[in-house]
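**Student:**
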Amino acid sequence: MNSGTDKKTCARCGRGFFVTMDGEYITQEQCIYHWGKLRKAVGPKRKNRGAKKTGKEYSCCGAKQNTSGCTTAKLHVWNAIGPGYNGPFDGYVRTPFRQTPSHDGNSGIYALDCEMCYTTHGLELARVTLVAADGRPVYDTLVRPENYVIDYNTRFSGITENDLREYGTKSLCDVQNDLMNLINADTILVGHGLENDLRALRIIHGTVIDTSVIFPHKQGLPHRRSLKSLVSSILKKDIQQGSSGHCSFEDASACIELMLWRIRMDFPLIVQSQAPDVPFM
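When the letters of the sequence shown are read in order and numbered with numbering that gives the first Met the number 0, they come out as residues 0 to 280.
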């Protein structure tokens with residue numbers, strides 16, 4: 000390919016494909032992929048022994064690793080990031096510092112969750128939701144992507160073409176302006192994998208609590224537990240159950256609940272460490 004083309008790696012099937020520097024697709028081929036995750040396959044239980052592990056299989060269809068995909072999409076997609084430096088950071092904004100302190104010194108705690116769709120320029124913001132610490136919805140809007148949508152990612156985003164056509168009236172810039180009126184540099188944002196949400200929002204913000212860090216994977220980074228897994232094992236609840244995709248309000252609320260659980264569990268230990276001779280009732 001000539002210098003006017005760019006090679007991308009499909010975020011779903013891993014195949015390489017080519018686009019122009021303006022994002023126009025040169026490679027016009029179907030993407031055949033597994034939408035589920037690889038997990039350890041477990042065979043039937045054996046007498047007086049546990050179930051035998053039989054390699055890995057995909058959660059979507061149960062097929063073994065390295066088998067042909069079970070799902071077909073019109074084109075390949077990419078997520079707009081790669082290893083190393085990912086600039087330039089055009090259009091990014093930084094959350095402002097408060098000009099005057101709040102009457103109670105509280106800058107707010109909100110859970111943030113975003114949904115994205117695949118465009119000719121990678122993943123772009125399609126929905127953003129803010130939830131207060133008490134579970135109240137504070138902000139929830141659909142967002143009009145800047146570039147042509149290749150795949151609405153409905154299975155995961157819960158967003159359809161009709162949703163964005165009818166209700167996606169706000170631009171990314173509109174959303175940034177809205178959020179700058181709701182949060183500041185001292186506002187605590189809670190979420191799961193927040194770097195992805197902030198990247199989609201093109202917002203630089205340093206005061207965060209990430210549940211993927213608070214509840215780490217037993218194998219350490221880069222492994223992460225999914226939000227669904229955390230909520231199931233810790234809160235004994237099921238989320239992301241519907242076939243129509245994730246709900247950003249549900250996911251954001253789950254992050255708040257996880258952190259409240261963590262605080263309840265840790266609070267006696269914190270009190271004891273601060274005042275070891277005082278019994279905690």
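Beta carbons are placed, not taken as given, at the ideal position from N, Cα and C, and that holds for glycine.
These numbers come from a predicted model, not from an experiment.
Does the Cβ-Cβ distance between D162 and D250 come in under 8 Å?
**Tutor:** no
**Student:** Does the pairing of the region 202-212 with the region 221-232 give three or more beta-carbon distances under 8 Å?
**Tutor:** yes
**Student:** Can you check DSSP and say which residues form a bridge with V174?
**Tutor:** DSSP output for V174 lists no bridge partner at all.
**Student:** To test your reading of the DSSP string, which unbroken alpha helix (DSSP H) runs of 4 or more residues are found completely within the region 173-234?
**Tutor:** 193-200, 210-213 and 226-229
**Student:** If you check the beta carbons only, do D59 and C30 fall under 8 Å apart?
**Tutor:** Reading off the sequence, residue 59 comes out as Cys, not Asp. For C59 and C30, no; Cβs fall outside 8 Å.
**Student:** Answer with buried or exposed for V41, where buried requires no fewer than 16 other C-beta atoms within 10 angstroms of its C-beta.
**Tutor:** V41 comes out exposed.
**Student:** Quick check: the Cα distance between W260 and K73, rounded to an integer number of angstroms?
**Tutor:** Going by the C-alpha atoms only, they are around 43 Å apart.
**Student:** Since W34 and R154 should fall inside the 8 Å C-beta cutoff, what is the C-beta to C-beta distance between them, to a whole number of angstroms?
**Tutor:** 6 Å
**Student:** Please report the straight-line C-alpha distance between T26 and E160, rounded to a whole angstrom.
**Tutor:** 23 Å
**Student:** Under 8 Å Cβ to Cβ from G134, same chain only, skipping five residues before and after it: list those, please.
**Tutor:** Cβ-Cβ distances below 8 Å link G134 to S252 and I255 in the same chain, with the five nearest sequence neighbours on each side left out; the list follows chain order.
**Student:** Roughly how many whole angstroms lie between the Cα atoms of A121 and P267?
**Tutor:** Correcting the residue type first, residue 121 is Gly in the shown sequence and not Ala. Note on geometry: alpha-carbon atoms of G121 and P267 lie some 45 Å from one another.
**Student:** For L259, which of helix, strand or coil comes out of DSSP?
**Tutor:** helix
**Student:** Would you kindly report the start and end of the unbroken alpha helix (DSSP H) that includes R164?
**Tutor:** E160 to Y166
**Student:** Using CA atoms only, rank isn't needed, just tell me which of R224, K36, A110 and P215 is closest to K63.
**Tutor:** K36
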